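Heads up: the structure comes next, in structure tokens.
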DNA sequence: TAAAATAGTACAATCGATTGCGCACTTTTT
DNA sequence: AAAAAGTGCGCAATCGATTGTACTATTTTA
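Residue numbers (the working numbering), protein chains in the order written: chain D, 2 to 343; chain X, 2 to 343.
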């Protein structure tokens, strides 16, 4: 089978006895081209099944119609939702996604940034890795005039465009709900403080507790990896204390699951003996027994919102820094793991 | 802040008083360039922080160092695992991923193909949508000399390079396990037959049943959408029959979950009264009560394998068609929903 | 009616890297 | 010592689209 060549504007030009520049302008609806030739060009273009070579045009104008996305892991429910949301919006505006994973390693993040710079992406949408504490590598982007937008995980002190969910509020609502159910000794399993989201969740927790007039001793806040094992370990730490918790608010669903499993193993009833709430609304939380109260982070909407923000900035030629910071409202999803009085 | 320009091979050439072509060749380790100039070029390159413009080189050589990936949905556990696997491998070889979703619509698949052609991707890795029954749109790819590899969902009669999991075997193992547990009237909730994976799973089911000397009437095979509701509906259909099922083998985990929930709602004990097994090893299956027996499809490995296949073909200049079809071994994960005699 | 404005195109340079061909010089072969 | 082979590099064309400038009619204005 002969390899069919892509046709170019020159092919169209030759067929029509005009110049390539005329074809180029006609296809861009440049007003300097007469209606008649514009039409002729269009007709010939799809007769030849012309498809513009994006690389040629990208090379010329310096913009690739591609945006880079950097996430810790693609195969994490939240992030794949975000990416899904982005793709939907950007695809309709003719943009492509280029996706990189950091696996929570700063080193990979640096490489990814470099890669995306080389690919001459028009913008980078980033959720920083756990290890990221400075932003020297991000300066490379702004130096090259590549817009940078953050979502979900934003480095401390960021003023540039970003979309996050109101973690503080999510935590606050969740803890308030636990308090309303009558729980008092609510412990908190937190992540690491230098990641904004975990810090905010902790603060939301503290605010709800303070408003309820409950003094939270340091010992109630357990900093653990937000995994099954972390939850398990937090559960046992809590249960060994003289003043045992009657509920746990976790900054992650897996940690909450770890607690739930550990609690059931030692015969505690949930929510009777122990209330539990998590964070993220992982798909499995709905199917646990009891089903797990959690906070939905609006992943898909977050993706759409960042994408929208980028598109708007692109149109208005404004800087990413000038774009505001959007804060989405999280949704508290009340399920059985915290529903005492019904 | 002045926008720092990317430096080019011409900048390097000027500094060193050599020609751009020499620089280009030096950077490619072309043997016709002397060791000394090669070194000088290298040194100057990173002194100027040179980064090749991939678009320029892509334009010239007609290859973009990018591969397109088309999946039904990014935010589905299995597919995000696959993509994760691909990314890992391809990134280390300097390839980028461009990702499109079809949302199971043929129409979107056609658009995605066209998009990827325009982006001049070096290859397309595809898992077809539910609606895809012909492959006219795929011919566009081969006509343009773009390699096409399939994973997981392969159109009937495909000979080109593909990676699938042995669905037949997975189903066979699963059903055999159910039989060993003593279940006999094992019903099957299947997907649609024109998708190879569902067809294979059904055949695996049938083979295991035949080998056990059990005759499977048509009525035992329930074709339902593989969702919660589909499972629920299948459960009720089965329970209304005079000869009720004592187990269900489902081609999807969500359908299995639907059955599990429906069964529990009517007071059936699992696995005592009813055995259940699913397919896909969704994360939630491990946390159900009882935990769900299922088949793992090796998503990450599948992604790595297709990526590897592409890289190999690329190196050997062989055609995708010449690449063999790899069949991965699935892993039966036995959990409590089917574990009778312990 | 001559000058000025406008419309519609074409020319040619450009984006940055790649590559076939050829030139000059050195080394090896006969 | 002349011919052949090899080495190291530069020239210039090329990939396909974009765009500033120039050019030729045609139309409008003074």
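Ideal Cβ placement from N, Cα and C applies to all residues, glycine included.
All figures in this text were calculated on a predicted structure; none of them were measured in a lab.
I'd like to know whether the C-beta atoms of residue i and residue j end up nearer to each other than 7 angstroms.
i: residue 101 of chain X; j: residue 129 of chain X; result: no
i: residue 10 of chain X; j: residue 21 of chain X; result: yes
i: residue 120 of chain X; j: residue 55 of chain D; result: yes
i: residue 303 of chain D; j: residue 188 of chain D; result: no
i: residue 307 of chain X; j: residue 165 of chain X; result: no
i: residue 88 of chain D; j: residue 98 of chain D; result: yes
i: residue 223 of chain X; j: residue 235 of chain X; result: yes
i: residue 66 of chain D; j: residue 96 of chain D; result: yes
i: residue 296 of chain D; j: residue 201 of chain D; result: no
i: residue 199 of chain D; j: residue 191 of chain D; result: yes
i: residue 338 of chain D; j: residue 291 of chain D; result: yes
i: residue 107 of chain D; j: residue 125 of chain D; result: no
i: residue 169 of chain X; j: residue 205 of chain X; result: yes
i: residue 336 of chain D; j: residue 293 of chain D; result: yes
i: residue 281 of chain D; j: residue 79 of chain D; result: yes
i: residue 305 of chain D; j: residue 331 of chain D; result: no
i: residue 263 of chain X; j: residue 275 of chain X; result: no
i: residue 94 of chain X; j: residue 312 of chain X; result: yes
What separation, rounded to the nearest whole angstrom, lies between the Cα atoms of residue i and residue j?
i: residue 112 of chain D; j: residue 232 of chain D; result: 33 angstroms
i: residue 248 of chain X; j: residue 219 of chain X; result: 16 angstroms
i: residue 41 of chain D; j: residue 300 of chain D; result: 46 angstroms
i: residue 325 of chain D; j: residue 44 of chain D; result: 43 angstroms
i: residue 213 of chain D; j: residue 84 of chain D; result: 38 angstroms
i: residue 253 of chain D; j: residue 172 of chain D; result: 11 angstroms
i: residue 207 of chain X; j: residue 244 of chain D; result: 58 angstroms
i: residue 47 of chain X; j: residue 7 of chain D; result: 36 angstroms
i: residue 186 of chain X; j: residue 246 of chain X; result: 5 angstroms
i: residue 195 of chain X; j: residue 136 of chain X; result: 13 angstroms
i: residue 17 of chain D; j: residue 29 of chain D; result: 17 angstroms
i: residue 25 of chain X; j: residue 61 of chain X; result: 13 angstroms
i: residue 147 of chain D; j: residue 75 of chain D; result: 23 angstroms
i: residue 138 of chain X; j: residue 110 of chain X; result: 9 angstroms
i: residue 242 of chain X; j: residue 260 of chain X; result: 16 angstroms
i: residue 68 of chain X; j: residue 86 of chain D; result: 21 angstroms
i: residue 251 of chain X; j: residue 197 of chain X; result: 15 angstroms
i: residue 269 of chain D; j: residue 289 of chain X; result: 18 angstroms
If you reduce the DSSP assignment to three classes, tell me which class residue i lands in.
i: residue 99 of chain D; result: strand
i: residue 173 of chain X; result: helix
i: residue 8 of chain X; result: coil
i: residue 189 of chain X; result: strand
i: residue 167 of chain X; result: coil
i: residue 334 of chain D; result: strand
i: residue 228 of chain D; result: coil
i: residue 74 of chain X; result: coil
i: residue 222 of chain X; result: strand
i: residue 13 of chain D; result: helix
i: residue 201 of chain D; result: helix
i: residue 276 of chain D; result: strand
i: residue 121 of chain D; result: coil
i: residue 49 of chain X; result: coil
i: residue 155 of chain X; result: coil
i: residue 113 of chain D; result: helix
i: residue 251 of chain X; result: strand
Below 6 angstroms CB to CB, which residues in the same chain sit around residue i once its five sequence neighbours on both sides are set aside?
i: residue 127 of chain X; result: 71, 151
i: residue 59 of chain X; result: 65
i: residue 256 of chain X; result: 190, 227, 231, 232
i: residue 2 of chain D; result: Note on residue 2 of chain D: pLDDT 39, under 50, position unreliable in the model; the coordinate value appears next. Within the same chain, residue 2 of chain D has no close Cβ partners at all.
Kindly list the residues whose CB is nearer than 8 angstroms to the CB of residue i, restricted to its own chain and excluding five residues on each side of it in sequence; keep chain order.
i: residue 193 of chain D; result: 131, 199, 224
i: residue 49 of chain X; result: 8, 12, 13, 16
i: residue 203 of chain D; result: 172, 189, 191, 194, 222, 252
i: residue 341 of chain D; result: 182, 183, 184, 272, 273, 276
Looking only at its own chain, which residues have a Cβ that is under 7 angstroms from the Cβ of residue i, when we skip the five neighbours before and after it?
i: residue 309 of chain D; result: 90
i: residue 156 of chain X; result: 129, 133, 136
### Contact residues within the segment 83-104 of chain X, judged by C-beta distance below 8 angstroms to chain D
84, 85, 88, 89, 92, 97, 98, 99, 100, 101, 102
### Against chain X: residues of the segment 31-57 of chain D by CB proximity under 8 angstroms
52, 53, 54, 55, 56, 57
### Query
Taking any Cβ of chain D, which residues in the segment 274-286 of chain X have a Cβ under 8 angstroms from it, in chain order?
283, 284, 285
### Task
Can you give me, in chain order, the residues of the segment 117-137 of chain X that have a beta carbon less than 8 angstroms from any beta carbon in chain D?
118, 119, 120, 121
### Interface residues of the segment 195-214 of chain X facing chain D [CB-CB below 9 angstroms]
none
### Near-chain D residues of the segment 285-302 of chain X (beta-carbon distance less than 7 angstroms), N- to C-terminal order
285, 288, 289, 290
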